[in-house]
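Written below as structure tokens is the structure these notes are about.
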Amino acid sequence: MSNNDLAIVILAAGKGTRLKSSLAKVLHRAGGRTLVEQLMRACEPLKAREKVVVVGHQAERVAAVVQPLTALTVLQQPQNGTGHAMQVAKRALGRAKIAVVLPGDAPLVRTETLKALIAAHHHGNAAATILSAVLADPSGYGRVVRKSETTVAAIVEESQLTADQRDINEVNSAIYCFTLEKLWPALAQVKPNNKHRELYLTDAIAALSAKGETVLAQVAPDSREVLGCNTRADLAEVDRVFREWKRNALMDAGVTIQLPETVLIDPDVVAGEDTVIEPGVQLLGKTKIGARCTIRTGSVLSDAILGDEVTVEPHCVVEHSRLDDRVVIGPFARLRPDNHLKAGARIGNFVELKKSTIGEGTKAMHLSYLGDAKIGTKSNIGAGTITCNYDGFRKHPTSIGNKVFIGSDATLVAPVRVGDGAYIAAGSTITETVPADGLGIARGRQVNKPGWAAKKRRELAATEKPKKTTKKSKRPKATKRRK
Ligand code: UD1
Ligand code: MG
């Protein structure tokens, strides 16, 4: 059967009461993406003719996330259960003959597993095929009640388990493949016979089985794929699994990750061979790291682009900046957005950069703020140099040429320009252009007054009252040490 017959239905209308959140459940994040986006990405390669997301709670916000991913949304209002959600989706399924139905809160399922589910469904000529898993702790999940080794009689929700069903540890993932012409009449027979007065899609399984239709259950290759996010603890567990998979993928690609469980990496991050990531690092957003780089402990990089052999020393923060080959930053450097550090540049401790270009081989090693600055090659920016880029109304640029030497504690009041090869005297406040190869010096001239301090001390001693003699110290006299 071609993909033309396939529809995807994601049930995402529920509130997620157990999360105790003002945000709809499917908009919570795990593995660096919203739950619903993770699911849509897993389904994308199936190339279904229809992709339908059932929305209800915070419908507009959920729709705003899924519509750019080319899904249709249908509104379920009120939310009368997963079976009702499926009925609401019916009119959007067009001419699809089979549907893969997924709950919006079980985002770990993999494309390969879904493909295998569809294949098993076709192969078994089934009316429904359930993705199941065997869990050590099945609590919270509906259980799969088998009819035979291969077929299923019913799914029983936890609240409705009989005493002898409590031992069943094969759970319903709520991911199914349905033959739609068989599902609709079975679903029409389902009654809201539960304490929430909801129509359960799970009850359609028993209805199908009772009619003599084939209902199969396919066990997921990795039981973690079925984990649902009903509580914050579930979310944390699912996030942990996504992060582990991502780290493993990078390690498989030749990246060393030390104490991997302490490292958090977003899904779109890439890193080259022989790059070393130390404990406690976060690599976020669209960060791209070249080969043979070292990202040392405690650093957080988001949307950073690093060339090869870059070193990020401990505890640096880098946002949306480019670091070319062999750049070294930190420890304790802060790169706010839009910097470009060219090959071999060095940025040291307690240096803050914003919207600045640092030329090849240029160094700013200590305690500086460089904002809206363009600095040429092989310049040296002394300790404590500040670009005063903001006048209270607007930002202004600072331009520093090649092979410039800026003495310590200089303030460069922007807009200002320092020509190639120029020197700035330490402690200067520079407000005007410094010509190439010139010296800019802008500070009070030093005056030495010989003997001034000694004279001062004599004067002070003369005016001071003589000290009252205090009680003799009780400390015993030091005894002579024997030789
Ligand atoms: C459901 C299954 C359970 C299974 C578990 C796996 C039912 C009755 N139970 O339980 O057998 O083990 O998933 O995770 O299906 N939703 C709607 N409209 C509604 C109600 C729910 O769209 O009216 C959506 C929710 O947004 C959610 C999904 O359906 O994404 C599943 O609902 P949830 O309340 O999480 O069901 P579980 O109790 O987890
Ligand atoms: Mg759930």
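Numbering (my numbering), first residue to last: 27 to 509.
Where is the CB? At the ideal position from N, CA and C, for every residue including glycine.
Owing to the predicted nature of the structure, the values given are computational and were not obtained by experimental measurement.
Please work out which residues of its chain come closer than 8 Å, Cβ to Cβ, to Ala74, disregarding the five sequence neighbours upstream and downstream, and give them in chain order. Asn29, Leu32, Ala33, Ile34, Ala122, Val126
Are Val353 and Ala330 touching if we call contact CB-CB under 8 Å? No, these two residues do not count as a Cβ contact at 8 Å.
Through-space distance from Ile373 to Val336, alpha-carbon basis: 12 Å
Which residues in the same chain have their Cβ closer than 7 Å to the Cβ of Arg44, if we skip the five residues on either side of it in sequence? Asn256, Thr257
What three-state label does DSSP hand Glu207 in the structure shown? helix
Does the distance from the C-beta atom of Asp334 to that of Gly316 stay below 8 Å? Going by C-beta atoms, Asp334 is nearer than 8 Å to Gly316.
Span separating the alpha-carbon of Lys491 from that of Gly453: 41 Å
Between Ala159 and chain C, is the shortest Cβ-Cβ distance under 8 Å, so that the two count as touching? The structure shown has no chain C; it contains just one protein chain.
Could you pull out every residue in the same chain whose Cβ sits closer than 7 Å to the Cβ of Leu379, ignoring the five residues on either side in sequence? Leu361, Arg362, Asn365, Ile373, Leu396, listed in sequence order.
For ligand 2, is there a heavy atom less than 7 Å away from the beta-carbon of Asp163? Outside the cutoff, so no.
Alpha carbon to alpha carbon, how far is Ala214 from Lys312? 47 Å
Does the contact criterion of 3 or more C-beta pairs under 8 Å hold for the stretch 145-158 versus the stretch 261-275? no
Do Ile432 and Asn406 count as a contact pair if the criterion is CB distance below 8 Å? yes
Whole-angstrom C-beta distance between Leu367 and Asp351, which should lie under 8 Å: That pair is no contact at about 10 Å.
Would you call the stretch 223-243 and the stretch 164-182 touching, i.e. three or more CB-CB distances under 8 Å? By the Cβ test, the stretch 223-243 is in contact with the stretch 164-182, since at least three Cβ pairs between them sit closer than 8 Å.
Coil, strand or helix - Cys414 by DSSP: strand
Drop a sphere of 10 angstroms on the beta-carbon of Asn219, count the other beta-carbons inside from all chains shown, and report buried for 16 or more, exposed for fewer. Counting C-beta atoms within 10 angstroms of its own C-beta, Asn219 has fewer than 16 neighbours from the protein chains shown and is therefore classed as exposed.
Give a yes or no on whether the C-beta atoms belonging to Leu465 and Tyr449 are separated by under 8 Å. In this structure, Tyr449 lies closer than 8 Å to Leu465 by Cβ.
contact_flag[the stretch 44-53, the stretch 61-69] where n(CB pairs < 8 Å) is 3 or more: Here the stretch 44-53 makes contact with the stretch 61-69; the two share three or more CB pairs at distances below 8 Å.
Does the distance between the C-beta of Pro129 and the nearest non-hydrogen atom of ligand 2 fall short of 7 Å? Checking every heavy atom of ligand 2 against the Cβ of Pro129, one is found closer than 7 Å.
Helix, strand or coil at Arg258 according to DSSP, with G and I counted as helix: Reduced to three states, the DSSP call for Arg258 is helix.
Tell me whether the beta-carbon of Pro129 lies closer than 8 Å to the beta-carbon of Ala56. With respect to Ala56, Pro129 sits apart: the two C-beta atoms are not nearer than 8 Å.
Any non-hydrogen atom of ligand 2 within 7 Å of Gly254 CB: yes
Among the candidates Pro104, Ile412, Ile426, whose CA atom is the shortest distance from the CA of Ala41? First, the amino acid is wrong: residue 41 is Lys here, not Ala. With distances taken between Cα atoms, Lys41 lies closest to Pro104.
Looking only at C-alpha atoms, which of Ala145, Lys237, Thr108 sits nearest to Glu183? Thr108
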